[in-house]
Structure formats: structure tokens, C-alpha cells
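Take a look at the structure set out below.
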Amino acid sequence: MISIQKSRGSVTLFILIVIFFLTLLATGLAGKIQIEMNHLALSEQEEVAHYAAEAGINVALAEIMVHSQNFQQTLVENLDDSGQCYAIVKIDKPSSTYCITSDGIYHGIHQKLTATVENYPGSQAKVWIRNSFANVQ
């Protein structure tokens, strides 16, 4: 009879050890999933900020086309109703080219694009856009 009770005790101990290791595994996976979800959310916010900056450049091009001589040099364009997605655009014309800087901002994420535009508005307009930086505030 003593050997049966020892056997039952060892099975209970084995099950407790298995449950302990499964709990450790589940806790580690939960942490990893949380990190990946945060990374995904940040990537999405950076992408929205990038498109906000791109929209700012398009707004600047429209401003130049409509008001080629008397355009606004600084624009703030709200891109959603909440006011958390917007573009701050600066237009300079040091010579025959336009220099446009657009900061797309979404939930504190900044994405900056700069564009150099030649012969605009015109039929042979050339636009160069480059991504300057992205950072988190």
C-alpha cells in the first residue's frame, strides 16, 4: 500500500512541475506578443505620419499652382477630425526652384519629407522627394 501512495505523490509532483513550466512558457509568450503589438502599432503610426508628410507636399504643390506669385510660405493642414494627424509645411523659393519641407505628425510621431521642385507649375515639372528622418517624441 505504501508504494501506491508514493506513486500518486510522484505523479502529482510531475504534474505540478509541468504546470509550472507551461506557466513560464505562457508568461514569456505573452510578453513577446505585447512587444510585437507595440512594435506593430509604432510602425503603423510612422506610416500614417509619412503619408501625412506626403499629403503636406501635395498641399504645397497645389498652393504653388493656385498662387504661383503670392503663395503662403507656411501651412498647417489638419488631416483628420481629431487634430492628431496634421502636416506642417514650409515653402521657400530661393531661386527658380521651390524647396518644400513637410512635417507629418501623428500621435507624436514625426516624419519629415523634403521636396525640391523645378519648373512648377509647368508641363515639365521635376519633383525630388527625400525622407529626412522619423522620430518619436
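Residues 1 to 137 (the working numbering) are what the sequence shown spells out, left to right. The C-beta atom is built at its ideal place from N, Cα and C for all residues, glycine as well.
Using 8 Å for Cβ pairs, my map puts Lys-90 next to Gln-73. What's the rounded Cβ distance? Taking the sequence shown and counting its residues from 1, one reaches residue 90 at position 90. Taking the sequence shown and counting its residues from 1, one reaches residue 73 at position 73. Yes, they are in contact, since the Cβ atoms of Lys-90 and Gln-73 sit about 7 Å apart, within 8 Å.
For Lys-126, which of helix, strand or coil comes out of DSSP? What you label residue 126 is simply residue 126 of the sequence shown in a count that begins at 1. DSSP places Lys-126 in strand when its eight states are reduced to three.
CB-CB under 7 Å to Thr-97, same chain, minus the five flanking residues each way: which ones, in chain order? For the purposes of this step, residue 97 is taken as the residue at position 97 of the sequence shown. Contacts found: Thr-116, Val-117 and Glu-118.
So, helix, strand or coil for Ser-82, using DSSP? One-based indexing of the sequence shown puts residue 82 at position 82. Residue state, collapsed to three classes: coil.
What separation, rounded to the nearest whole angstrom, lies between the Cα atoms of Thr-142 and Leu-75? With the chain represented from 1 up to 137, any question about residue 142 goes unanswered, as that position is not in the structure.
Report buried or exposed for Val-59, applying the criterion of at least 16 other Cβ atoms within 10 angstroms of its Cβ. For this step, residue 59 is matched to residue 59 along the sequence shown. So Val-59 ends up on the buried side.
If you draw a straight line from the C-alpha of Ile-138 to the C-alpha of Ile-33, how long is it? The question about residue 138 has no answer, for the chain in this structure spans 1 to 137.
Rounded to the nearest angstrom, what separates Ile-57 and Tyr-106 at their Cα positions? For the purposes of this step, residue 57 is taken as the residue at position 57 of the sequence shown. For the purposes of this step, residue 106 is taken as the residue at position 106 of the sequence shown. Going by the C-alpha atoms only, they are around 16 Å apart.
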